[in-house]
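Chains as they are written, first to last, in the numbering used here: chain A, 1 to 762; chain B, 763 to 986; chain C, 987 to 1255. Built from N, CA and C at the ideal position, the CB exists for glycine as well. Owing to the predicted nature of the structure, the values given are computational and were not obtained by experimental measurement. Scroll down for the structure; my scribbles are underneath it.
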């Protein structure tokens, strides 16, 4: 057979066609078609979550001080979901968005995964990974050096909290080491505690028994937005909505105001005047608790002291606050004031609460005092449904510390922030005064080493830029944060702590709850990265320092320390997850006042001590607000949103995802403004504007919101981070950077609820 | 089917053209012969070579003896492949379940020794190859079938319980799934012998559901 | 055809959301993200490409200060029954790929990601914007992949997703029921993640056909209404409000029309 080119082609074609025809009669093409279609759906980069037995672990959320019980759902030992613990006495199953996003704090790009040492300039973001040994040696070495120079007091520690064993262990370390400078982030609680101390002579946490109240008069407290423990308050709202009346007083229709039975808008900063005005009506109309006043009150009526000097009593002093005047100050309709006073006084279990928003701002002592006294004339002290004091937990007791001479000398030095000094005798911490002291000091900085744990001051402090400058003066900053927050990213060393779901700790009662509840946060997973429990880290540093510092910590590790501390409670806590130490109602009235008069002091005599001459009786003096009204025609006011974390722990990506476009748009903060105000300025909804305050400026977008008092601009806390990860950084403006601190003359605490501002179109 | 028709049309057109060519009169038969070579060749390739090429062969990490285990446990298949308290099916037992008996070597069988030394002692899960593995989008309720419809394990998985050795795992090189899912018969003609595992593609589910319940069921019945 | 499937004994799972209670906290959204492996991006402020199975909208009555009121409106998939409750949900009717169907046993509208080829007809058909499209492959940065739930399959780019009323929870409840040889599910056995998460208890979930379930009564509450009721999509999500302006915001009313007084189009069977 001769094969020429033509026949070769024919034969080849024949083979191919034969092959094609034959293959149609085999499974190959059909099977391949099916397999290929399956193959196109195999996307190996789409994760396939591993299945496993579903189990639950009970723990408690430590992302805020609320102390809500959580159930962690695990699949094959892998945590996959957070839910509220229905049996937990604090939140009864209710949880806030932050609690639900807890797994994004366990895993996520914001975590610091190993100890780090700074390379390059501060805040530049260049780090060298180091071992734990190296990190501990570096910090211990620096501390040992300062101690051997006889200046242990030049070490300061900023903590996010002073409650519970972890802050107490660190506090103990500072004492043994010899520094009085343990500083804590201030909140509204600080001002309330002082008001309680001034009137009742007792130290402890304020308790607002919302559980048993039926009429809640809120002076701007974000009852449904994070005040008083989010899980607890939301649960109470859900369960008792029909049985409780809520009256919300604030200049902006917040989420709380929107759900309140009545929203009363008030000129910001004049809450004290309203409280006193309401008291005025109650006294005038004899709507106060006579029995309480007659038996337990001091200084309600005019009185004469041992020297024969006559003093005005509270009842006389509030004559200065008739409804007409209060209406003028507060901008509330005159007729509304007596009406509100009567409603409050006649309710079966009324309670008045203060603390703006989530209570992140301490506020003035006058305001806390005025609201407390309003409760007092309603006979609301140490009563079911009223205001009382929760003493410090009795379990927080450890063997006394023996300190050496160096430490003793150090401890005698005045505190860097002036808290507890003659100027501010009743204040425990004044973190907001730290920057100015640092900048003002001549020569070597008064703080040579700063330890930061559980706090993020370079984000939360007023006038962040100034705070950062002040921190520049501190030669050594060590952060113990599990996250690359603003402060950690500005540190020299990071010794990362575990995150809440990995960290063992006990959690004392939620803010404001009337029972002593301790819960145990048990780790639900083994540490994911190379992190150490901050308690262990401090014990280790103490050991490295040796001597008396070492002997102050006879415990092997934090767990041993915790067990030793909790003693009998440990077993219950370990088994049940929480323990209620006492169900008791507040003690009977006659036992509880440790004041000079032994009574509840409407005229707080303790307020006289110190160098300053502050009238003891609460009075309304407008809280000064920074800025020249000629230059700045508007007022900027921060507000708290439940979907944004404005404090030491920042947002998880899930929380930022829930934020509406009228709060954050791409990278720009959106601010609320009353349409009438904006139109007067010739601005339109959605306009991009430059917002300027005496402290700084930012580009923001306008959102026309009818629910805000004309003349105000409202901006949420919790945006404008510069650190963490791409999911949080560079989104909007940090409102703290636009507002400076204003110290309360009495306590030194920050009272700046706003700042004058102006906007110009870009 | 249309593609087949088309191909055949093309070939019948091509054939006359070849016949008409004066230069190769006798090549008509040759063309046909070559056609048949191609035809038969591809039949052989498609039916015999193709399945061998499509599937790669893997052995289980341990040659597991189901028969031996079944003879010493009390509760049949359920002893190791059990329902959890929440009604979900545990599937392949994890190391924890095995360790109850196999903390140490019991029989000295080389496979057991290998199991204890390589997996139990270092605490590593055995990477069993799952003949019934489904894609992530599938939700299969063992409870609905075994308890709800009272089906036996064998009705889908075959007589695996009496096997003394593991079968070779044939993995589809394209899809990554086991050959069992498509069914051992490459043609999917006829039904598997009793005792053979049943194919587990969506159509197989739908077919059975249609027969047993009267309808194929809604998407979410088997998808997640 | 499909309608012939008997649905006389069938369940119709539905939801009643009390707008007088909702505080707009957003816990339902976050609980849903976590339960259903909903992805997150670095910028989620463009709500057109932000994936939410339930989204809380903020409504205002548009009255000037200080008479302004706001109300939060959480919107999951409405799980429409369609005209005559025959399962002709707007989205199901248009899907060319049968990637979404109506389950006559539960009344829940499915979405099968591997089946969907991303034409987005369903999104155009849905009057409630309940469906979202994956323009990009979801990313799970820095080990976040480790917290994904095995009960809901993660999505890929090019597919539509939406609220499933946590159907996997229904499946898991049924598995338990099978094990205990029960036919019936208790009301509490099957609850969606958002219902369970709502910290103020504003969401109630259950079988609208079952007299013993709370939703059965609540749906007939005088405060109850549904969104865009006149489209006859027959949503299984009901809302409660005592405010007329909220109710008016739930549909398009002419000035003279009063919500609740509109003559309803007769349902045909």
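So residue i and residue j are supposed to be a Cβ contact under 8 Å. How far apart are they, rounded?
i                      : j                      : result
residue 97 (chain A)   : residue 1013 (chain C) : 5 Å
residue 708 (chain A)  : residue 672 (chain A)  : 5 Å
residue 206 (chain A)  : residue 193 (chain A)  : 6 Å
residue 1063 (chain C) : residue 1149 (chain C) : 4 Å
Which chain B residues sit within Cβ distance under 9 Å of residue i?
i                     : result
residue 103 (chain A) : Simply none; closest approach about 20 Å.
residue 38 (chain A)  : 897, 934, 936, 937, 938, 939
Would you check if the distance between the CB atom of residue i and the CB atom of residue j is smaller than 8 Å?
i                      : j                      : result
residue 681 (chain A)  : residue 191 (chain A)  : no
residue 1022 (chain C) : residue 1138 (chain C) : yes
residue 1060 (chain C) : residue 1008 (chain C) : yes
residue 727 (chain A)  : residue 109 (chain A)  : yes
residue 70 (chain A)   : residue 61 (chain A)   : yes
residue 1113 (chain C) : residue 1214 (chain C) : yes
residue 318 (chain A)  : residue 283 (chain A)  : yes
residue 839 (chain B)  : residue 899 (chain B)  : no
residue 417 (chain A)  : residue 431 (chain A)  : yes
residue 373 (chain A)  : residue 745 (chain A)  : no
residue 756 (chain A)  : residue 632 (chain A)  : yes
residue 520 (chain A)  : residue 502 (chain A)  : no
residue 1089 (chain C) : residue 980 (chain B)  : yes
residue 486 (chain A)  : residue 722 (chain A)  : yes
Give the residues of chain A in contact with residue i, contact being defined as C-beta atoms less than 9 Å apart.
i                      : result
residue 1192 (chain C) : By Cβ distance, chain A contributes nothing, its closest Cβ being about 18 Å from residue 1192 (chain C), past 9 Å.
residue 804 (chain B)  : 18, 19, 20, 21, 22, 23, 24, 25, 26, 28
residue 1033 (chain C) : 660, 661
Give me whichever residues DSSP pairs with residue i in a beta bridge.
i                      : result
residue 560 (chain A)  : None; residue 560 (chain A) has no bridge partner.
residue 696 (chain A)  : A:693
residue 477 (chain A)  : A:450
residue 1057 (chain C) : C:1045
residue 262 (chain A)  : A:247
Would you mind telling me which residues of chain B sit closer than 8 Å to residue i, beta carbon to beta carbon, in chain order?
i                      : result
residue 1158 (chain C) : 848, 849, 850
residue 702 (chain A)  : Residues of chain B passing the Cβ test: none, with the nearest at roughly 44 Å.
By the criterion of Cβ-Cβ separation under 7 Å, what are the contact partners of residue i in chain C?
i                     : result
residue 715 (chain A) : In chain order: nothing, as chain C lies at least about 16 Å away.
residue 910 (chain B) : 1164
residue 905 (chain B) : 1161, 1164, 1165
I want to verify the contact list: residues of chain B whose CB lies under 7 Å from the CB of residue i, in sequence order.
i                      : result
residue 1094 (chain C) : 982
Which residues in chain F sit within 7 Å of residue i, going by Cβ to Cβ distance?
i                      : result
residue 1139 (chain C) : Absent from the structure: chain F. Protein chains present are A, B and C.
Since residue i meets chain A, which of its residues come closer than 8 Å, beta carbon to beta carbon?
i                     : result
residue 801 (chain B) : 18, 19, 21, 22
residue 809 (chain B) : 26, 27
residue 949 (chain B) : 27
Residues of chain C with CB closer than 8 Å to the CB of residue i, please, in chain order.
i                     : result
residue 78 (chain A)  : 1132, 1133
residue 833 (chain B) : Chain C residues near residue 833 (chain B): none, gap ~27 Å exceeds 8 Å.
Quick one: list the residues of chain A neighbouring residue i, beta-carbon separation under 7 Å, in chain order.
i                      : result
residue 1100 (chain C) : 41
Legend entry - Contact the stretch 213-226 of chain A vs the stretch 242-256 of chain A: 3+ CB pairs below 8 Å: Contact between the stretch 213-226 of chain A and the stretch 242-256 of chain A is present: 3 or more CB-CB pairs across the two stretches fall below 8 Å.
Inset, instruction - Mind the definition here: the stretch 363-378 of chain A touches the stretch 614-623 of chain A only if three or more C-beta pairs lie below 8 Å; say whether that holds. - result: Inter-segment contact for the stretch 363-378 of chain A and the stretch 614-623 of chain A is present: three or more beta-carbon pairs are separated by less than 8 Å.
Inset, instruction - Could you tell me whether the stretch 130-139 of chain A touches the stretch 389-397 of chain A, where touching means 3 or more Cβ pairs closer than 8 Å? - result: Taking a contact to require three or more Cβ pairs closer than 8 Å, the stretch 130-139 of chain A and the stretch 389-397 of chain A do not qualify as touching.
Inset, instruction - Pair every Cβ in the stretch 735-746 of chain A with every Cβ in the stretch 1022-1040 of chain C, then say whether three or more of these pairs are closer than 8 Å. - result: In this structure the stretch 735-746 of chain A does not touch the stretch 1022-1040 of chain C; the number of beta carbon pairs closer than 8 Å is below three.
Inset, instruction - For the stretch 271-280 of chain A and the stretch 310-326 of chain A, state whether three or more C-beta atom pairs, one from each stretch, are separated by less than 8 Å. - result: As far as the Cβ criterion goes, the stretch 271-280 of chain A touches the stretch 310-326 of chain A, which means the pair count is three or higher.
Legend entry - Touching by the beta-carbon criterion (3+ pairs, under 8 Å), the stretch 840-855 of chain B and the stretch 877-885 of chain B: Because the criterion of three Cβ pairs below 8 Å is not met, the stretch 840-855 of chain B and the stretch 877-885 of chain B do not touch.
Inset, instruction - Say whether the stretch 432-451 of chain A touches the stretch 151-160 of chain A, bearing in mind that this needs 3 or more beta-carbon pairs closer than 8 Å, one atom from each stretch. - result: The stretch 432-451 of chain A is in contact with the stretch 151-160 of chain A.
Legend entry - At least three beta-carbon pairs within less than 8 Å, the stretch 340-352 of chain A to the stretch 157-172 of chain A: Between the stretch 340-352 of chain A and the stretch 157-172 of chain A there are fewer than three inter-stretch CB-CB distances shorter than 8 Å, so the stretches are not counted as touching.
Inset, instruction - Tell me, please, whether the stretch 432-445 of chain A touches the stretch 395-408 of chain A by the rule of three or more beta-carbon pairs shorter than 8 Å. - result: With fewer than three CB-CB distances shorter than 8 Å, the stretch 432-445 of chain A does not count as touching the stretch 395-408 of chain A.
Legend entry - Cβ contact check for the stretch 84-100 of chain A and the stretch 1151-1171 of chain C: 3 or more pairs under 8 Å: Proximity of the stretch 84-100 of chain A to the stretch 1151-1171 of chain C falls short of the contact definition, fewer than three beta-carbon pairs being nearer than 8 Å.
Legend entry - Stretch pair the stretch 917-930 of chain B + the stretch 857-869 of chain B: three plus CB contacts closer than 8 Å: No: fewer than three Cβ pairs fall under 8 Å.
Inset, instruction - Examine the Cβ distances between the stretch 199-214 of chain A and the stretch 342-358 of chain A and report whether three or more of them are shorter than 8 Å. - result: The stretch 342-358 of chain A and the stretch 199-214 of chain A touch, with three or more beta-carbon pairs separated by less than 8 Å.
Inset, instruction - Would you be able to state if there are at least three C-beta pairs under 8 Å between the stretch 27-40 of chain A and the stretch 473-480 of chain A? - result: The stretch 473-480 of chain A and the stretch 27-40 of chain A do not touch, with fewer than 3 CB-CB distances between them shorter than 8 Å.
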